[in-house]
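Residues in the sequence shown are numbered from -17 upward in steps of one, following my numbering.
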Amino acid sequence: MKRVVPFEGPIKLEGFNNLTKALSFNLYDFCVARNEAERESYVKYIYDKFSAKKVTGILTGICDIIEANVLAVSDQDYDPWGASSLVLMSDIKGSGVSGMTEVKMHLDKSHICAHTYPDFRADGQVCSFRIDIDIATCGEISPLNALNYMFEACEADVVIADYVVRGYTRDTAGRRVFMDHDLRSIQEYIDPKILEQYHCVDLSLQSENIWQTKMIRTKMDERTYFIENATVDLDSPETRKYLDMVKNEMRGLVYQWPE
């Protein structure tokens, strides 16, 4: 990993919010590949759009959204496909102290990582692509603030978002505080215009500081699911069959069907 900010020795840890806020954001994209040529075209599309460097660009964009400094970056492309990226960051705004170097860098343990997972079944005609983005911060800023940006950066047919708050900080009276912001649903942080495109299912265990939202796209631009989309007849029985296969794959992920 290449450090962007030089290490200046042990860092004094005091006077800041100790709560760890972790967001796991899993996005799935689908495409119909009717033959080997279309499958190869989809692989190239994924590689061009989500190479390691481009994934790193998405992660540094998240750092900008949550007002964090990038400390170090590591990314890697894989053969035959896939990529990963890790960004170590510090959160000045979440420190609770302004202008102090020993506090400014206190979040070396905060990070964002991403991994991509293309899936091409040899006997299947529906290809899928998954990108996992995991954000962990120790500070006042919630990674939920970056949700809309992630939707804009990554097209998704299915989204599974998990948010967990762990640890504790203390108030001025010395009492333990296990949650520093109100939250009923992850959907509260997602633009309503984005939500209109999906059917959403929530799981909330507020007493345990655990939230989950599953989203499946309902407003589909059907033509975009085909590689050679300009020549696709959307009314043909064969095309409808392929689109039904895509929808079935989407439902299978949301409800965890084995096939």
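No residue lacks a Cβ here, since even glycine has one placed at the ideal position from N, Cα and C.
First and last residue of the beta strand (DSSP E) that includes residue i?
i	result
Thr221	Element bounds for Thr221: not the beta strand (DSSP E) but the alpha helix (DSSP H), 219 to 236.
Lys3	2 to 14
Thr38	Here Thr38 belongs to no beta strand (DSSP E); instead the alpha helix (DSSP H) covers 34 to 47.
Ile198	192 to 199
Asn51	51 to 59
Met71	65 to 72
Ile94	92 to 101
Measuring alpha carbon to alpha carbon, tell me which residue in the options is nearest residue i.
i	options	result
Asp11	Thr154, Ala19, Thr98, Asn127	Thr98
Tyr150	Val69, Val159, Gly121	Val159
Asp116	Trp239, Ile209, Ser6	Ser6
Ala138	Pro240, Leu225, Tyr180	Tyr180
Ile200	Trp193, Ser186, Asp226, Ser189	According to the sequence shown, residue 200 is Thr rather than Ile. Comparing Cα positions, the closest option is Asp226.
Val55	Ala4, His93, Tyr27	His93
Tyr27	Glu204, Cys45, Ile48, Trp63	Trp63
Ser189	Asn211, Met71, Val147	Val147
Gly106	Thr154, Arg205, Glu210, Asn230	Asn230
Thr42	Met132, Tyr145, Leu185, Glu178	Met132
Ala118	Cys109, Leu70, Thr154	Leu70
Glu49	Ala19, Ala128, Thr38, Asn17	Ala128
Thr195	Lys175, Glu170, Asn211	Glu170
Ser72	Ala65, Leu53, Ile113	Leu53
Arg112	Asn17, Val25, Arg152, Glu220	Val25
Arg205	Arg222, Ile192, Asp57, Leu1	Arg222
Ala19	Leu177, Cys109, Asp203	Cys109
Tyr207	Ser23, Asn(-1), Lys3	Ser23
Met202	Ile176, Ser186, Leu187	Ile176
Pro100	Thr2, Asp30, Glu178, Asn0	Asp30
Thr2	Asn211, Val236, Asn191	Asn191
How far does the alpha helix (DSSP H) with residue i in it reach, from first residue to last?
i	result
Tyr27	18 to 31
Using 8 Å for Cβ pairs, my map puts residue i next to residue j. What's the rounded Cβ distance?
i	j	result
Phe102	Arg21	6 Å
Ser67	Cys95	7 Å
Val140	Ile209	Contact doesn't hold; Cβ gap of about 20 Å is too wide.
Val183	Val14	Between Val14 and Val183 the Cβ distance is about 25 Å, and since that is not below 8 Å, they are no contact.
Gly130	Asp173	The question names Gly, but residue 130 is Asn in the sequence shown. Correct: roughly 5 Å between the Cβ atoms.
Ala135	Ile168	Not a contact, Cβ separation roughly 17 Å.
Asp153	Asn8	Contact flag wrong, Cβ pair sits at about 34 Å.
Asp59	Thr38	Not quite, the Cβ-Cβ distance comes to about 11 Å (not below 8 Å), so this is no contact.
Cys224	Trp193	A small fix is needed here, since residue 224 is Tyr in this sequence, not Cys. No, Tyr224 and Trp193 are not in contact; Cβ-Cβ is about 35 Å, not under 8 Å.
Starting from the N-terminal side, write out each stretch of the alpha helix (DSSP H) that is 4 residues or longer and does not extend beyond the region 117 to 190. 129 to 135, 174 to 177
Stretch pair the region 27 to 41 + the region 157 to 174: three plus CB contacts closer than 8 Å: No, because fewer than three Cβ pairs between the region 27 to 41 and the region 157 to 174 fall closer than 8 Å, the two stretches do not touch.
Examine the Cβ distances between the region 117 to 129 and the region 203 to 221 and report whether three or more of them are shorter than 8 Å. no
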